[in-house]
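Scroll down for the structure; my scribbles are underneath it.
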DNA sequence: AAAGTATTTAGATATTTGCCTAAATATATA
DNA sequence: TATATATTTAGGCAAATATCTAAATACTTT
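Protein chains in written order, with the numbering used here: chain A, 26 to 119; chain B, 26 to 119.
Dropping the structure here:
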């Protein structure tokens, strides 16, 4: 959960997610969308991978990255849980 | 959005959220749950306030903090949006 | 108004993060 | 096998973050 929120707490990484929403891409293609160096993008991809937001698969010389949206389920549960307790609290005030 | 994810990307701050889920609390009460200093907690509360996750209201000598769950709506929308496009992508593959 | 309580602000320090360039690794191709 | 291409790893630096203690601010009570 912490890795996930940390991964999402950076604009570049959210942009990468946004790109992968449309189609899978290899590291070089992703890097081309940004003005920062490839090693930096590689590092961002690593953090996204650690947070389980993206999956990577080696295809010959390339490494293709894809989104793994299932990790967001846990996050949404967390949010709903908080909102739920809040709703109960609000109700009990009446 | 960035402030929100950054705010949530820290265990202490998520614990604070967890506490406020049950009931509103003043800064001192919150600080009592942690082994870090009051100024540090005060700083965490400030970040949560900046991210609009908590609201504060001065009650005499005390400052009471409460959760503002509406800020999560935008986040859930963001997640659903991503998952949605992913679903479409998956469908189009069939 | 003086003293006590609650909280924040200020300033210092250590750690983490984001970025870079250079070098290493792995695969593909001439 | 030598060279080119794709990506990562390593090492370093600057900015951001998390923490601390000491001091300031604001309110309450005696």
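The C-beta atom is built at its ideal place from N, Cα and C for all residues, glycine as well. Fair warning: this is a prediction, and the values are worked out from it, not measured in the lab.
Worksheet item: Taking DSSP as the reference, what is the three-state secondary structure of residue 100 (chain A)?
Response: helix
Worksheet item: Should residue 85 (chain B) be labelled buried (16 or more other beta-carbon atoms within 10 Å of its own) or exposed?
Response: exposed
Worksheet item: For residue 34 (chain A) and chain B, any beta-carbon pair shorter than 7 Å?
Response: yes
Worksheet item: By how many angstroms is the C-alpha of residue 27 (chain B) removed from the C-alpha of residue 97 (chain B)?
Response: 13 Å
Discussion item. My output table needs one value for residue 89 (chain A): the three-state DSSP class, helix, strand or coil.
Written reply: strand
Item to complete: Just list the beta strand (DSSP E) runs in the segment 43–85 of chain A, keeping only unbroken ones of 3 residues or longer that don't cross its boundaries, in chain order.
Response: 79–84
Worksheet entry | residue 49 (chain B) versus residue 37 (chain A) - alpha carbon distance | 35 Å
Practice prompt. Please work out which residues of its chain come closer than 6 Å, Cβ to Cβ, to residue 53 (chain B), disregarding the five sequence neighbours upstream and downstream, and give them in chain order.
Written response: none
Item to complete: State whether the segment 101–111 of chain A contacts the segment 90–106 of chain B, with contact taken as three or more CB pairs (one from each stretch) at a distance under 8 Å.
Response: yes
Practice prompt. Just the chain A side, please: which residues come within less than 9 Å of residue 51 (chain B) by C-beta, in chain order?
Written response: Simply none; closest approach about 17 Å.
Practice prompt. Kindly indicate if chain A contains any beta-carbon less than 7 Å away from that of residue 31 (chain B).
Written response: yes
Fill in: Whole-number beta carbon distance between residue 78 (chain A) and residue 32 (chain A), since they are thought to touch under 8 Å
6 Å
Worksheet item: Among residues of its own chain, excluding the 5 on either side of residue 100 (chain A), which ones have a beta-carbon nearer than 7 Å to its beta-carbon?
Response: 29
Discussion item. The ligand ZN and residue 75 (chain A): does the residue's C-beta get closer than 6 Å to at least one heavy atom of that ligand?
Written reply: Only the bare structure without any ligand can be found here, which leaves the ligand ZN out of the picture.
Discussion item. Here's the rule I'm using: 16 or more other beta-carbon atoms within 10 Å means buried, otherwise exposed. How should residue 68 (chain B) be labelled?
Written reply: exposed
Worksheet item: Between the segment 52–63 of chain A and chain B, which residues of the former have a C-beta closer than 9 Å to a C-beta of the latter?
Response: none
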